[in-house]
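Input: a single structure, listed below in structure tokens.
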Amino acid sequence: MFTRKSSNTVQEVNIWSEPGIYYDSLTRTFRLRCKNSIYAFRVDDSRNLEHLYWGSSIPLEDDLLFLGFGNNPTPFDPKGYIGDVRESLNPLGFADLKQLDSDEVAEKWKTYTVEAHSPQATEPRRLENASWRIWNMDKMRKSGSLSNVDADKMIVEEDSPSKSRVLHVVHEPCSDEACTHGKYLTESWEMMSGSEKEEEEEEERKEGRGKRPSGYSLPSRSGSSKRSPSIRIGEGLERNLSSLDNLQDEFQSCSRFGSFASPTPRQQQQNVWINLDPEIVGKNTKLLEYSDRGTGDYRSCSFELEYSDGTTLSPLVYSSHRIYVGKLSPPFPLPGLFVNSDSDASTLELTMKDPLTKVEVVLYYTVFHEYDVVVRRTLFRNTLDESLIIRRCYSCTQDFDTDDFYLTQLSGSWARERQIVTKKLCQGISLVESTRGASSHQHNPFGVITIGEPAEDRGEAFALSLVYSGNFRLEAELVESGRLRVNMGINPQQFSWNLGPGEEFSTPEVVLCYSDQGLGGISQQYHRLYRYHLMPPMWRNKICPVLINTWEAMYFNVTHEAVVELAKKAKECGIELVVLDDGWFGNRNNTRSGLGDWKANRMKFPFGLEGLCREINELGLRFGIWIEPEMVNIESELYTKHPDWCLHIPRRARTTGRNQLVLDFSQQAVRDHVIEQVSSILSSCNIEYVKWDMNRHLTEVFSQAFPPERQGEIAHRHILGVYEAFARISSCFPHVLIESCSGGGGRYDPGMLYYSAQIWCSDNTDALSRVQIQYGTSLVYPVCSMGSHVSSIPNHQTLRSTTMKTRTLVAMCGTFGYEMDVRQLTREEVEEIKSYVELRNEYAPLILFGTMYRLWNPFSSDSGAWMFVNDEKTEALVIAVNLNRSIGLQLPRMHLKGIQEDWVYLVEELCPGKLRTNVSTGAIETDPRGVFQWSTKMGGVTLKLSGRTLMRVGVPVKFIFEGDSLLFSVRAVSLLV
Ligand code: DGJ
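In full-length UniProt numbering, the protein residues as written are 1 to 977.
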């Protein structure tokens with residue numbers, strides 16, 4: 001426990017309980033403290049990053065070196081590596097200063113400070129930092145205030161807001177770049193008495209030491225700056241810095257690389273750099289954070305580089321690190337998580353270096369303080385004066401110690417997206433991937449590792465979700481020892497990147513999420529995290545309008561007259577927004593022509609979109625349109641003018657899909673043209689919603705705009721181009737709500753979610769199919785992002801008929817809209833829809849922004865059920881839908897979740913059914929009083945029960961026919977006495 005002083009009061013605070021990033025220099029361990037979990041790794045004796053732990057919270061004081069005892073070397077694994085890496089191992093500048101005494105170092109520091117002001121002064125700046133650090137540590141040691149501070153990574157300086165002592169975790173020398181992108185981590189910890197502090201302050205003022213620059217230009221989605229609670233220092237991490245010499249010795253010892261170096265007696269005595277590892281083991285045995293190929297690790301590697309001499313080895317060693325509050329965004333236009341305030345997150349930026357080539361690989365880890373989430377990405381920096389090729393660059397490698405591993409993934413096909421699939425891992429590699437140029441209907445960039453079969457509410461779950469919409473791969477390799485490696489990132493298949501001298505390449509982000517409460521715990525975190533830190537903030541608290549889409553009502557037969565007629569009837573139903581889907585532009589009468597010509601078809605819309613929009617607005621409705629900007633039909637003006645603008649290989653045939661070709665979005669000219677076209681439509685009238693579709697996957701991935709050696713970059717460049725188009729259009733039209741779509745749910749991923757607040761879940765609008773699709777989608781994605789509509793019966797994809805009630809309840813668990821020809825509705829049906837729209841509007845805040853608990857899994861049982869609970873736990877809504885009824889079988893009682901045990905709740909059935917079975921004859925009969933779950937002769941019964949009973953005992957429920965459904969409202973009425 002440490003004592004933290006805030007104004008005049010002294011509080012006992014356990015600093016380890018604060019989320020943030022801690023570095024223990026004695027064991028060289030990084031502890032990423034999340035809300036209720038820890039992620040830890042260390043720099044081993046060979047300067048590899050050895051992964052130690054990812055799981056529920058453990059005392060941060062515990063020395064995690066014991067985990068190294070699990071590394072059992074095997075006879076066939078290479079064990080050591082000797083190389084001349086001296087130079088790369090002195091990044092902190094200590095060697096330059098090691099001969100000097102403390103006063104001389106102080107003098108040096110002042111000189112370097114002056115020199116460092118020159119813009120080109122990298123070296124003085126580096127030395128400035130090194131000398132200041134040595135001098136300051138020595139000063140603190142002499143004053144007795146520092147017996148347990150990590151000398152190389154921590155500085156002490158003023159913190160103006162609190163005027164108390166601040167420990168800064170530092171880093172590499174403060175380069176300009178570092179100072180403009182991140183604020184140094186600050187926190188107040190009382191390390192000395194008030195008078196000592198004042199003396200110190202005075203002394204530092206005399207020394208002329210100013211505050212470290214803290215200018216911080218946040219990415220556009222970030223909020224205000226706040227101080228972070230993160231700091232690392234403490235009991236149990238003691239290192240006796242008895243003299244400056246020791247410090248120098250220690251750093252000298254660092255420059256002796258490899259497991260074979262023998263320690264000096266002093267090093268042995270002081271337990272410094274080379275003495276930590278319990279046993280010499282090679283890379284193949286250890287759990288690693290980011291692993292190379294060809295120097296002893298035979299598992300699937302994290303990255304692969306190819307140099308101009310044809311060699312592909314790049315063993316990386318730890319070089320330096322820095323820790324700061326907040327989070328850096330990945331380079332534009334890569335989507336990524338953002339903070340709303342600096343105090344939301346802490347970031348560790350750890351640089352690894354190839355000792356021979358000096359190529360740098362920077363690993364980013366961001367801890368989101370309110371979650372059990374670590375966001376990772378990797379950056380490659382070519383420090384050579386010639387190009388190199390990146391052949392593989394995963395965003396992360398996650399190694400797990402031996403256990404009973406299961407992988408759960410979201411897989412499927414067109415109209416059957418994101419089905420939950422679980423398998424037990426066995427020795428070998430399992431891949432979840434896309435090579436289609438989009439994240440795809442087939443696999444989602446997501447996976448969960450569980451110990452044992454996954455459960456909804458219990459057990460450890462480790463999830464990975466990639467913020468990327470292009471070719472991705474998650475590979476899970478269970479190796480001979482039973483240990484597991486999971487890599488995730490851009491799919492290395494058909495990928496290569498030519499990295500020129502001085503250039504950098506950033507991978508997409510991967511969002512790691514931990515829960516010891518099973519899949520439910522994972523989903524709840526992703527829902528909240530993605531709503532607050534990924535989706536466009538403008539929409540996060542808005543209830544999306546109830547819309548009607550023309551597609552299933554009219555397909556390509558849209559005309560001004562027909563749409564206005566539809567709009568009028570929609571208005572009667574309580575619908576708010578009319579979306580004109582495919583068929584309104586160019587010569588678009590079927591899938592064969594028109595894509596690329598983004599001008600209204602005057603035959604169908606004589607008054608243009610302007611005229612239609614005006615008329616719809618006059619009805620009191622809003623207006624939206626469908627576009628598919630990434631595509632072109634051969635039968636189009638665009639293709640006739642620019643046949644080279646599509647992805648293709650000269651002299652080879654062009655593969656069409658849905659009669660269309662893919663525009664080459666890696667080309668700036670193509671993007672500019674499309675963005676210009678779309679912008680001109682959006683500014684032509686009051687368009688408030690856009691459905692951005694993408695109806696085929698990529699083939700002949702080759703661009704005319706790039707040389708042969710860059711063709712491996714095109715798939716990635718293409719998706720970057722798509723992101724750029726989203727970014728530019730949404731920044732010009734921020735009021736336009738974008739729903740992305742790809743032949744249904746073929747691009748439902750965090751990358752798209754960054755740019756579009758809604759995503760069309762599937763082209764399958766059948767309510768029962770949707771139960772599984774939306775349930776699977778909810779593993780990662782928030783309900784408020786799921787595009788879901790009520791469609792007509794029989795359903796156009798399955799020919800199945802379900803009741804309006806079931807169709808409505810399923811669509812209500814998403815953005816909610818209609819995909820039917822309301823012109824055909826009877827007065828009675830209009831009234832029915834109207835009352836359902838009112839019901840949806842009443843419960844939309846609870847559904848869209850409440851916490852979702854899944855109750856029954858439709859993949860492992862005959863029904864799906866879930867509920868939404870508000871933050872106060874005073875209100876909940878339960879929805880269940882039967883998919884397959886086994887006549888005569890009673891259902892298990894339904895156990896509610898997420899409410900308060902000791903509160904009393906009223907459970908009321910909303911919209912009871914209409915049909916019942918006559919038990920004497922077996923005939924189906926209509927009951928005008930309604931068919932309730934619980935009823936007496938008087939009618940429906942409302943239950944009044946404690947939360948404890950509702951959750952532990954559960955309520956009896958029944959389904960009368962296949963496809964039947966139920967809806968309960970649950971309201972807290974009193975405390976249990
Ligand atoms: C595929 C979408 O998923 C459908 O909803 C519809 O917009 C069609 N494309 C239009 O071509």
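Quick reminder that beta carbons are idealized off the backbone N, C-alpha and C, glycines included.
Can you name, in chain order, every residue of its own chain whose Cβ lies under 6 Å from the Cβ of residue i, other than the five neighbours on each side?
i	result
Phe968	Val878, Val907 and Glu909
Gly521	Ser515
Pro492	Arg392
Ile719	Ser469 and Gly470
Do you know how far the Cα of residue j is from the Cα of residue i?
i	j	result
Gly55	Leu32	11 Å
Lys327	His533	11 Å
Ala562	Tyr689	20 Å
Leu896	Gln677	51 Å
Lys79	Val375	31 Å
Pro315	Ala865	50 Å
Val931	Val578	34 Å
Ile155	Asp344	Note that Ile155 has pLDDT 28, beneath the 50 cutoff, so the model's placement of it is unreliable and the number below is only indicative. Rounded to whole angstroms, Ile155 to Asp344 spans 23 Å at the Cα level.
Asn48	Phe30	13 Å
Lys286	Gly500	33 Å
Pro91	Met352	Since pLDDT at Pro91 reaches only 36, below the 50 mark, its modelled position is unreliable, and the value read off the structure follows with that caveat. Between Pro91 and Met352, the C-alpha separation is close to 11 Å.
Ser740	Asn71	47 Å
Cys732	Ser679	8 Å
Pro750	Val467	5 Å
Glu565	Glu572	11 Å
Ile543	Tyr818	16 Å
Ser57	Ile38	5 Å
Ser974	Asn340	36 Å
Gly787	Phe959	27 Å
Between residue i and residue j, is the Cβ-Cβ spacing less than 8 Å?
i	j	result
Cys813	Val783	yes
Glu700	Arg652	yes
Leu976	Trp903	yes
Val367	Ile21	yes
Asn633	Asn601	no
Glu635	Val662	no
Phe380	Phe505	yes
Arg885	Glu962	yes
Leu425	Ala476	yes
Phe405	Leu474	no
Val362	Thr378	yes
Tyr755	Ser785	no
Met951	Ile899	yes
Pro536	Ala725	no
Gly447	Leu478	no
Gly518	Ala570	no
Cys685	Asp664	no
Gln427	Glu503	no
Using a Cβ-Cβ cutoff of less than 8 Å, which residues in the same chain neighbour residue i once the five nearest sequence positions on both sides are dropped?
i	result
Gln797	Ala415, Asp763, Asn764, Thr765, Asp766 and Ser769
Gln419	Leu410, Ser411, Gly412, Gln772, Ile773, Gly776 and Phe859
Asp34	Note on residue identity: the sequence assigns Cys, not Asp, to residue 34. Only Pro19, Val367, Phe368, His369, Tyr371, Asp372, Val373, Val374 and Tyr514 meet the Cβ criterion.
Thr312	Arg293, Gly294, Glu304, Leu305, Glu306 and Arg391
Whose C-beta lies closer than 7 Å to the C-beta of residue i among residues of the same chain, with five residues either side of it excluded?
i	result
Thr926	Lys914 and Leu915
Asp277	Asp44, Asp45 and Gly68
Glu207	Only weak support is given to the placement of Glu207: the predicted model assigns it a pLDDT of 41, under 50, and the value that follows is read from those uncertain coordinates. If we look at Glu207 and ignore the five residues flanking it on each side, it has no Cβ neighbours.
Notebook entry, point to check: Listed by chain order, which residues have C-beta atoms less than 6 Å from any heavy atom of ligand 1?
Noted result: Result (chain order): Trp551, Asp581, Asp582, Trp626, Asp693, Asn695, Cys741, Gly743, Gly744, Trp760 and Asp763.
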